[in-house]
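Q:
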Amino acid sequence: MNTQKLSVNRACVAIVSFLILLSVVQFCIVYLLTDNRMLILCGLLYIALVLLSVFVFISIMRRKLILFSDTFCELLDNMMTGEMEPIQAAEEESLFYKINHRLVRLYEVMIENRNSVAKERADLQELISDISHQVKTPITNLKMVNATLLEQSMPEERYKRFLRDSGVQLDKLDFLMQAMIKTSRLETGVISLEKKVQPIYDTLAAALGGILLNAEKKNIHISVECPEELKVSHDRKWTSEALFNILDNAVKYTPDDGNIYITVASWEFYLKIDISDTGKGIPEKLHGTIFKRFYREDEVHDIEGIGIGLYLAREIIAMQGGYIKVASEVGKGSTFSIFLPHK
């Protein structure tokens, strides 16, 4: 018999039929052995009462099961559509309570996943909007330069100048794409940071190597106080990237003949890196805003950049269990403090 296709009704009928058949056989045997008809009649009456009780019991249970299954299906439908959440049942050791308890947990997981998907969708939409806004200007400039070169004849010097302008726009697009790739890989977990205890001096030196040329062009003096023996648990490559982004901003927004001071100190639980500059400073109301992706103040749009460096720096440090603090005064400069946990 295929038990997968056996319905509850058929199972009940089969069980009752088997009991009746078994009882009839037993009483036939008893009658043949005793030849007592009264005993047979009493036995038949007893069987009838037992079967009636079984029938009433099965009918009640079947009705309860149908009611429970209808309620259960309706509850699941409402949960899937988000119209209502399961009602908390009173705590008792019953089948309904056990199922209800798991339904509540299932509903909470569903809501959490739904909110997570909605947030990811909103973040993706925001990211696409940001990318579209950022690439719009370089692409427009490239189209204008390309059209000018195709439609107009010009001296070789002017022709080279247009080509240099095209190169600048291409560099901006390349920098933007590289920054977006790094951001997306970090946010989606494609890149996993490999922390290990190692000297911070070498990591800081790698970051400084990327900004020294621009600092020399502006005659900016850089002072570094970092004991070579200081060690902390960190990912050298990505921590260097975060430090470079902060240092690069310091060079960009510090005027000619300015100063940048870098101080590294070991605290009880954290290693602290202070990067101070004598730049324009940041208003206090913007201390949290500057870490948003693609955020740039209106006053600095003439300075090269796309506003993603501080966002990347914060993400990289946060993924290592650290954090960044900002102290700044307009007209006097800023100090970015990076805290990396020792463990």
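Sequence positions in the sequence shown follow my numbering and run 12 to 354.
We put the beta carbon where it would ideally sit given N, CA and C, even for glycine.
Between Leu351, Leu62 and Leu52, which lies nearest to Asp246 when the distance is taken from Cα to Cα?
A: Leu351
Q: Thinking C-beta only, is Ser203 closer than 8 Å to Lys354?
A: The beta carbons of Lys354 and Ser203 sit no closer together than 8 Å.
Q: Using the Cβ count rule (16 or more neighbours within 10 Å means buried), how would you classify Pro166?
A: exposed
Q: Which residues share a DSSP beta bridge with Asp288?
A: Ile271
Q: Apart from the five residues just before and just after Phe280, which ones in its own chain have a Cβ nearer than 7 Å to its Cβ?
A: Pro352 and His353
Q: Ignore the nearest five residues each way along the sequence and tell me which others in Pro210's own chain have a CB closer than 6 Å to its CB.
A: Lys242
Q: Does the contact criterion of 3 or more C-beta pairs under 8 Å hold for the region 226 to 234 versus the region 185 to 195?
A: no
Q: Bridge partners of Pro352, per DSSP?
A: Tyr281
Q: Compute the Euclidean distance between the alpha carbons of Lys303 and Ala158, then round it to the nearest angstrom.
A: 35 Å
Q: Nearest-angstrom Cα distance between Leu215 and Lys296?
A: The C-alpha of Leu215 lies about 29 Å from the C-alpha of Lys296.
Q: From this set, Glu119, Gly344 and Met121, which residue's C-alpha is nearest Lys291's C-alpha?
A: With distances taken between Cα atoms, Lys291 lies closest to Gly344.
Q: On the premise that Ile335 lies in contact with Ile349, defined as a C-beta separation below 8 Å, what is that separation, rounded to the nearest angstrom?
A: 5 Å
Q: Is DSSP giving Ile40 helix, strand or coil here?
A: Ile40: helix per DSSP, three-state reduction.
Q: Going by the beta-carbon positions, is the gap between Ala261 and Asp288 smaller than 8 Å?
A: yes
Q: Check whether the Cβ atoms of Ala218 and Ala324 lie closer than 8 Å to each other.
A: No. Outside cutoff.
Q: With the cut-off set at 8 Å, would you say Thr265 and Glu236 are in Cβ contact?
A: no
Q: Is Arg74 near the ligand NAD, judged by its Cβ being under 7 Å from some heavy atom?
A: For the ligand NAD, the structure offers nothing, since it holds no ligand at all.
Q: Mapping the DSSP letters down to three states, classify Ile319 as helix, strand or coil.
A: coil
Q: Out of Thr82, Thr92 and Arg132, which one is the CA nearest neighbour of Asn111?
A: Thr82
Q: Whose C-alpha, out of Ile293, Gly342, Ile284 and Gln37, is nearest the C-alpha of Gly333?
A: Of the listed residues, the one whose Cα sits closest to Gly333 is Ile284.
Q: By how many angstroms is the C-alpha of Ile233 removed from the C-alpha of Thr148?
A: 34 Å
Q: Do you know offhand how far Lys183's Cα is from Asp176's?
A: 11 Å
Q: Would you mind giving the Cβ-Cβ distance between Phe347 and Ile286, rounded to the nearest angstrom? I have them listed as a contact below 8 Å.
A: 5 Å
Q: According to DSSP, is Lys336 helix, strand or coil?
A: strand
Q: If you draw a straight line from the alpha carbon of Lys248 to that of Lys206, how long is it in whole angstroms?
A: Rounded to the nearest angstrom, the two C-alpha atoms are 10 Å apart.
Q: What's the C-alpha gap between Lys263 and Leu153?
A: 25 Å
Q: Assign Asp267 to buried or exposed, taking buried as 16 or more other Cβ atoms, counted over all protein chains shown, within 10 Å of its Cβ.
A: exposed
Q: Who are the Cβ neighbours of Phe255 in its own chain at under 6 Å, not counting the five residues just before and after it?
A: Ala218 and Gly221
Q: With 16 other CB atoms within 10 Å as the buried threshold, where does Ser80 fall?
A: So Ser80 counts as exposed.
Q: For Gln180 and Ile150, I'd like the C-alpha separation in whole angstroms.
A: 8 Å
Q: List the residues that DSSP assigns as beta-bridge partners of Pro210.
A: Lys242
Q: Three-state secondary structure (DSSP) at Val341?
A: coil
Q: Where Arg48 and Ile71 are concerned, what is the direct C-alpha to C-alpha distance, given to the nearest angstrom?
A: If you draw a straight line from the Cα of Arg48 to the Cα of Ile71, it is about 35 Å long.
Q: How about Leu56 and Leu86: do their beta carbons lie closer than 8 Å?
A: No.
Q: Pull up the distance between the alpha-carbon of Ala129 and that of Gln136, whole angstroms please.
A: Distance between the alpha carbons of Ala129 and Gln136 is about 10 Å.
Q: Per the DSSP calculation, Ile77 is bridged to which residue(s)?
A: Per DSSP, none; premise fails for Ile77.
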